[in-house]
Amino acid sequence: MTRVAVFFVASPLHYLAARRVALDHEQDTRRVLVYYNRVLEPVVRPDDWDATLYIPWPRFEPLPGLFGRHRRLLENLRRVAEAVGPADTLVLHSPVFDTEAINYFLRALPRLTGATTMRARILPDGLLNIQRYPLSLARRGAQRLRRVRRLVSPVLDYWRFSGDRIGSDAPFVDRIYVLAGFPHGYDPGRTVTLGPLIEVASAQPGHAASAVPPAPRALVVGQPLVGFGLMDESDRAAVSAEISRWLAQVLPAPVDYKAHPREGERHEMREAHYHLLEIDEPLESYLARTPYAIVVGCCSTALFIARQVYGPGVRIASFGVDRVRFKGKGKRENTLALMRELSIEVH
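Using this note's numbering, read the sequence shown as starting at 139 and increasing by one per residue.
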């Protein structure tokens, strides 16, 4: 019996989660990685998979000419089916099953590969899994319209479902993978908590782990607070100094600084002794191969990204949220509530 696990991913976090699933839950399976975002090209390690391929997103990269989107869907189905090969059982993994770029595979891939059994499983998407997103009337209407394509191409048979838009309530989903330490509202009987993503990312097949662990380091993440009018200069200086003093007390070790792309040369939370990081890859990818003992900032999304990648085993702290002028009613309260839910220290 040939079992093939297919992983559809679009972000570094999806990729890290897919690798964790592949190593822990699909060890004796043919594993095919399908990515539909070019940002993943430097992240993907082909040797870790039986097959890898990039497929363009039909909506944004249709084929030239008439009905380019429709023909792109068919082309993607054909290419993925060729990569999968003949199969008896298919296990499809994706962060969401509402989108047409993925949904058509649910019925088409078994048909194209000869599989008699198909299961669908949801990959974690970090913050998006904390709350549910019920299908709106517009999205339900879009599902009906997508069914029309089968009149022209029977293989494009969209599988309609109700409830949460990612597919957590859909009848074809039998398992939902979640990140450790992240709250969710899914049925506990259908969820499986993944191990730390950082261990997957740092594992090099065929090589033993280093006998000498790396020296602990701290990471401070920047944010254009003064530049965007969200904080006064005096408050910025106070918060930056407070972070520096706190790190000196809890972890007297080297400190790296990750600037925000919109900070320019200002580097608002950087002190003189911090080492400035210059990386040209997604933050998730960098964190996955670079262990830090502590990650600190104000209210940057990088703090939440770090929690997603590292799980509950790394200390993550926020300073100065009370000094930020949030734009939008309730934004401060919502940010603080989310930090507490994810065990991010608030100072």
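Positions of the beta carbon are idealized from the N, C-alpha and C atoms, including for glycine.
Because the structure is a prediction, the values reported are computed rather than measured.
Rounded to a whole number of angstroms, what is the C-alpha to C-alpha distance between residue i and residue j?
i: Val311; j: Glu479; result: 27 Å
i: Val218; j: Leu191; result: 8 Å
i: Pro262; j: Arg287; result: 29 Å
i: Ala143; j: Val316; result: 18 Å
i: Ala189; j: Val484; result: 44 Å
i: Phe205; j: Leu289; result: 14 Å
i: Ala341; j: Gly279; result: Note that Ala341 has pLDDT 40, beneath the 50 cutoff, so the model's placement of it is unreliable and no number is given.
i: Glu471; j: Ile482; result: 14 Å
i: Val172; j: Arg216; result: 13 Å
i: Val181; j: Phe146; result: 14 Å
i: Leu476; j: Ser291; result: 45 Å
i: Glu179; j: Leu283; result: 33 Å
i: Ala375; j: Asp186; result: 46 Å
i: Tyr242; j: Tyr174; result: 15 Å
i: Ile454; j: Glu422; result: 15 Å
i: Glu371; j: Arg404; result: 12 Å
i: Arg168; j: Val462; result: 50 Å
i: Leu474; j: Ala239; result: 35 Å
i: Met139; j: Gln165; result: 15 Å
i: His231; j: Gln387; result: 44 Å
i: Asp373; j: Ser456; result: 14 Å
i: Tyr271; j: Gln281; result: 16 Å
i: Asn267; j: Gly305; result: 11 Å
i: Arg277; j: Pro309; result: 18 Å
i: Pro326; j: Phe198; result: 36 Å
i: His208; j: Gly402; result: 42 Å
i: Ala444; j: Ala379; result: 22 Å
i: Phe442; j: Asp460; result: 18 Å
For residue i, tell me which candidate among the options has the shortest Cα-Cα distance.
i: His411; options: Leu357, Gly449 and Glu401; result: Leu357
i: Trp297; options: Ala246, Lys465, Val377 and Arg404; result: Ala246
i: Pro200; options: Asp188, Ser232, Val388 and Asn214; result: Asn214
i: Ala148; options: Pro420, Ala444 and Ser481; result: Pro420
i: Pro352; options: His398, Ser232 and Pro429; result: Pro429
i: Leu265; options: Val452, Glu380, Gln446 and Ala156; result: Gln446
i: Gln269; options: Asp166, Gly323 and Glu380; result: Gly323
i: Ile417; options: Lys396, Glu409 and Val433; result: Lys396
i: Pro196; options: Thr237, Arg183, Glu220 and Asp460; result: Thr237
i: Thr79; options: Ile260, Asp460 and Leu250; result: A query on residue 79 cannot be resolved here, the shown segment of the chain reaching from 139 to 485 and no further.
i: Phe464; options: Asp325, Arg207 and Met369; result: Met369
i: Glu220; options: Pro326, Arg249, Ala156 and Asp325; result: Arg249
i: Val177; options: Ala156, Pro184, Pro150 and Arg183; result: Pro150
i: Arg183; options: His208, Ala156, Phe198 and Arg383; result: Ala156
i: Leu244; options: Phe198, Asp295 and Asp325; result: Asp295
Assuming residue i contacts residue j (C-beta within less than 8 Å), just tell me the rounded distance between them.
i: Ala318; j: Gly449; result: 5 Å
i: Pro224; j: Arg210; result: Pro224 to Arg210, Cβ: 25 Å. No contact.
i: Pro335; j: Leu161; result: Checking the sequence shown, residue 335 turns out to be Leu, not Pro. Incorrect: roughly 11 Å between the Cβ atoms, too far for contact.
i: Phe235; j: Ala258; result: 6 Å
i: His413; j: Ser438; result: Actually they do not touch by this definition, with Cβ atoms about 18 Å apart.
If you check the beta carbons only, do residue i and residue j fall under 8 Å apart?
i: Gly301; j: Leu273; result: yes
i: Glu406; j: Gly360; result: yes
i: Arg158; j: Gly367; result: no
i: Ala431; j: Leu389; result: yes
i: Val293; j: Val222; result: no
i: Asp307; j: Phe299; result: yes
i: Val377; j: Gly468; result: no
i: Leu385; j: Cys436; result: no
i: Ile314; j: Arg303; result: no
i: Arg408; j: Gly365; result: no
i: Val120; j: Ile381; result: Outside the modelled stretch of the chain, which goes from 139 to 485, sits residue 120, for which no answer is possible.
i: Pro392; j: Arg427; result: no
i: Arg285; j: Asp226; result: no
i: Asp394; j: Leu415; result: yes
i: His163; j: Pro233; result: no
i: Met256; j: Leu228; result: yes
Check your understanding: In chain order, which beta strand (DSSP E) runs of at least 3 residues are fully inside the stretch 176–240?
Key -> 189–192 and 227–232
Review point. Of all the alpha helix (DSSP H) runs that stay within the bounds of the stretch 249–290, which reach a length of 4 or more residues?
Key: 275–285
Review point. Can you list the beta strand (DSSP E) stretches of 3 or more residues lying completely in the stretch 318–393, in chain order?
Key: 329–331 and 356–359
Check your understanding: At which residue ranges does the stretch 389–459 contain complete alpha helix (DSSP H) runs of 4 or more residues, listed in the order of the chain?
Key -> 421–427 and 439–448
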